[in-house]
Each structure stands twice: as C-alpha cells, then as structure tokens.
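Numbered per the UniProt record's numbering, the sequence shown finishes at 401, counting up by one with no gaps.
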Amino acid sequence: MADVYKEMPDERGYFGAYGGRFVPETLMPALEELEGAYHFYKNDPEFQGELNYYLRHYVGRPSPLYFARGLTEYCGGARIYLKREDLNHTGAHKINNTIGQILLARRMGKRRIIAETGAGQHGVAAATAAALFGFECAVYMGEEDIRRQELNVYRMKLLGARVIPVSAGSRTLKEAMNEALRDWVTNVRNTYYLIGSAAGPHPYPAMVRDFQSIIGIEAKSQVLEQAGRLPDYVVACVGGGSNAIGIFHPFLADRQVRLIGVEAAGRGLDGEEHAATLNRGSPGILHGSLSYILQDKDGQVKCAHSIAAGLDYPGVGPEHACMKDTGRVEYTSATDAEALEAFRLLCRTDGIIPALESAHALAEAVRLAPDLAKEEVILVNLSGRGDKDIPVVAGARGVSV
C-alpha cells in the first residue's frame, strides 16, 4: 500500500480519483512549464544544495522536537511530543514551501510573485521570500481575514508586499484564491503563482507536499532518538492540508503509525458553520483540482467557518481526499470551543502559545492521550505560533486588546 502512495500522483496529476488540472486554457502552458521545471530541479544537486542552505541558515531548520511534559502530565496516559514548526523564521511551516518555490521561480526567469493567504502566515512567508530575493510581491487576502489577522497584514506590508483586499463572497481564503487565479491568467508571462497549500492544479499538490515533507523526515528521526520508537499517532490540523501532508508523508510506509488529520468543526458538524470538508463534503472541483469540497445540492460551493483563519476553506488537497478513501489517514474534527481550550491549555502547561490552527490538532491529542498507555507516543505538528491569534482569542473571551 505504501508503495502506491509513493508513486502518486500519476503522470496526469491524479492521486487515485482526485487531483488533475481544471483551469482555463490560458494557464495550461504555464502549468506545463512549471511541471517541467519542477521535475528537473527537484533532482538537481545545485538546486537542492541551495534549498538546504536557506532551510538551515535562514529558516532555522531542523526545527526542534519538544516533549510537552506539562501537557502530558495534565492529560495522563501517552507522551505528547510537539514538532516545533512555530519556531521557524516567520513563525510557521509555510516558509519551507515558499523558499522552495521562489528558488524555482528564479530559475524560471519570473520576477513577480502572487500569493493568497487566509491566516496570513503564507502571505508573510511569501512576502519574506520575495524580499529576500528581490521579487515584486502581491498577496490576495479576504477582508474578513484582514480584519482577523491585522498583525500579519502589517508584517506583509513592512516586507514590501502589496496586500490586495478581496470583498467577494465570504471574504476569506476561497475568494482570495479566486482572485489570485484571475491575476495569474492576466499576467501569466512574468508572474509566478506561489500557492501555499497542497491544493490547486497539478503539479502544486505534489510540489508543496515535497517541500513540506522535510517536517516528517526530521520528526521521524527526532522521535526515534528521543522516544526510542516510532510514534503511535501523528496528528496535524487540516485546512488545505500542507502541514499535515508534510508530516504524514514520511510515515506512510509505517503501517503501525496511525495518522490523524483534524478538520475545523467550527460551531458544530450538525450545522452549516464548519470547515470539515472531508467529514461533511463530497467530491467536486475547486481551484483547479478535483477533491472533497463543501457544496450544496446544486454543486455550488458553500461558505466555510472556523475561528482559525487558516482552516476557513471549503476545499482540501487532493492527496488527503485519496487517503481518506483508502483509510490510510483518519480525519476527525475539533470545534472552535475545543480549539480555544487546547490553545489555553498549552499556554498554561508548557509556556507555548500555539496558532489556533495547530490548537485543533492539540485538541485531538488531549482527547486521545488519557486513554493510552504511558509508553505510547503522540506526535503533534505544531504548525505555527499564536501571536497572530491573540486578538481573536481575547475577543472570544470578551477581552479587548
């Protein structure tokens, strides 16, 4: 089974029944050019050497693996380890992928970068990489996310990016991605579209997965060294799915390791205000690929909801859709309230302020740990830090900051 995953996607960009390339005809040459460049450079020693240099000396890799003693003692049962992607430069896992893609864009002769962002972490990472290498950068962001993530908007502007507000629809990540795709259609000759999640048309899902797999490669080695065994569970939050696919992928062949993706249940799965695409969605096409999406009976994409802006998306990467169907990964969910409680817990037990996105994965670990034996191990991908979420968390408690 593991070999099947290793060979995905196929030559048409499909992970089982999902993926592909559903875009306007004007973008097909650009995607073919990108696919050719990526396949060449991913095996090019000079490209890999430069990528590794920046990951180590600029991003700060390897990120630490931390035994969360306080949270473990609070929960009882299994030991909980955190992969500290929050300690990367810019404060999230997103920088791994943006460094990789911008090195590719430079080799392709592009000079302008566009990106979309929800929580702002990918926008900050894209603006950072653009500043580092002297690219013009425009970031599309929904007005609701701009309101929720004011700090990251200011960070992007400080880094020299132009933040373009999107007022359509739910004014969140879905609409931002729509506008970024429109920009790319218009400016495809000189512009590189730096997608932040393992979603979008082929080859983006595979390319983002490959750049983010450094998380799982490091974590596997670190947990063997510190815990003396492979983890029993690897847990990560899932919106578009980049941090989850990054930590899951190196563990796919280890069948004894249970992989759990945690979606945003928002205000509850029984209502309409959630972002649990794999739990409540159905196959459909969104942003250039076939995957699970939230849609009504007429096939219209529904609005998603999550207190975490980075999970507030009605689609998911196609590789996750495939792994849901095959059962290799289990997909659960955590509500806004459960994520807020997990956020509070980690602050108090271990002195770490997690991103609200990551707090969804922590909520699953808190559920699992008490029923497991003390020698068992839960590995959680702490995908980002929570500074950006302080106003949202304070607001949820009626506090003004």
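From the three backbone atoms N, C-alpha and C, an ideal C-beta is built for every residue, glycine too.
From a predicted model like this one, the values you see are computed outputs, not experimental measurements.
Closer than 8 Å is the cut-off here; do at least three beta carbon pairs connect the region 315 to 332 with the region 32 to 42?
With the cut-off at 8 Å, the region 315 to 332 and the region 32 to 42 do not touch.
Mapping DSSP to helix, strand and coil, what is Val-399?
coil
Rounded to whole angstroms, what's the CA-CA distance from Leu-108 to Ala-396? Just pull it up for me.
Residue identity check: residue 108 is Met in the sequence provided, not Leu. Distance between the alpha carbons of Met-108 and Ala-396: 45 Å.
Would you identify the three-state DSSP class for Val-316, choosing helix, strand or coil?
coil
Just reading off the beta strand (DSSP E) that Glu-116 is part of, what are its end residues?
112 to 117
By the 10 Å Cβ neighbour count, where 16 or more other Cβ atoms means buried, how is Thr-186 classified, buried or exposed?
So Thr-186 counts as exposed.
Between Asp-371 and Gly-77, how many whole angstroms is the CB-CB distance? I'm expecting something under 8 Å.
6 Å
Could you tell me whether the Cβ atoms of Thr-172 and Gly-118 are closer together than 8 Å?
yes
Hey, is the region 366 to 385 in contact with the region 68 to 87, meaning 3+ C-beta pairs nearer than 8 Å?
yes
Report back the beta-carbon spacing between Val-235 and Glu-364 to the nearest angstrom; my notes put them in contact at under 8 Å.
Yes, Val-235 and Glu-364 are in contact; Cβ-Cβ is about 5 Å, under 8 Å.
Can you tell which of Leu-31, Phe-67 and His-89 has the C-alpha that lies nearest to the C-alpha of Leu-55?
His-89
What residue range is occupied by the uninterrupted alpha helix (DSSP H) comprising residue 407?
The question about residue 407 has no answer, for the chain in this structure spans 1 to 401.
Which residues in the same chain as Gly-266 place their Cβ atom closer than 7 Å to its Cβ, once the five residues preceding and following it in sequence are excluded?
The residues are Glu-273, His-274, Ala-275, His-305, Ser-306, Thr-335 and Asp-336.
Hey, quick one: how far does the beta strand (DSSP E) through Pro-283 stretch, first residue to last?
282 to 286
For Gly-134, tell me which candidate among Ile-113, Asp-145, Asn-152 and Tyr-140 has the shortest Cα-Cα distance.
Ile-113
Please report how far the alpha carbon of Leu-345 lies from the alpha carbon of Gly-284, in whole angstroms.
37 Å
Below 8 Å, how does it come out for the region 244 to 260 and the region 277 to 297: are there three or more Cβ pairs, yes or no?
no
Just how far apart, CA to CA, sit Ser-25 and Pro-64?
The sequence shown places Glu at residue 25, not Ser. Answer to the nearest angstrom: the Cα atoms are 44 Å apart.
Counting only runs of 4+ residues fully inside the region 167 to 196, write out the alpha helix (DSSP H) ranges in chain order.
Complete alpha helix (DSSP H) runs here, min 4: 173 to 186.
If you run the structure through DSSP and keep just helix, strand and coil, what is Ala-334?
strand
I need the straight-line Cα distance from Glu-341 to Gly-351, nearest angstrom please.
Whole-angstrom Cα-Cα distance: 15 Å.
Give me the DSSP bridge partner(s) of Phe-343.
BP columns for Phe-343 are empty, so no partner.
For a quick check, are the C-beta atoms of Ala-161 and Val-188 less than 8 Å apart?
When the beta-carbon positions are compared, Ala-161 and Val-188 stay at least 8 Å from each other.
Below 8 Å between beta carbons: does that hold for Leu-286 and Ser-333?
no
Would you list the residues sitting across from Arg-348 in a DSSP beta bridge?
Looking at the DSSP assignment, Arg-348 forms no beta bridge with any residue, so it has no partner.
Put Asn-279 into one of helix, strand or coil per three-state DSSP.
Three-state result, Asn-279: helix.
Please say whether Val-262 and Val-238 have beta carbons closer to each other than 8 Å?
yes
Can you tell me whether Glu-225 is buried or exposed? The criterion is at least 16 other CB atoms within 10 Å of its CB, across all chains shown.
exposed
Helix, strand or coil: how does DSSP classify Gly-123 here?
helix
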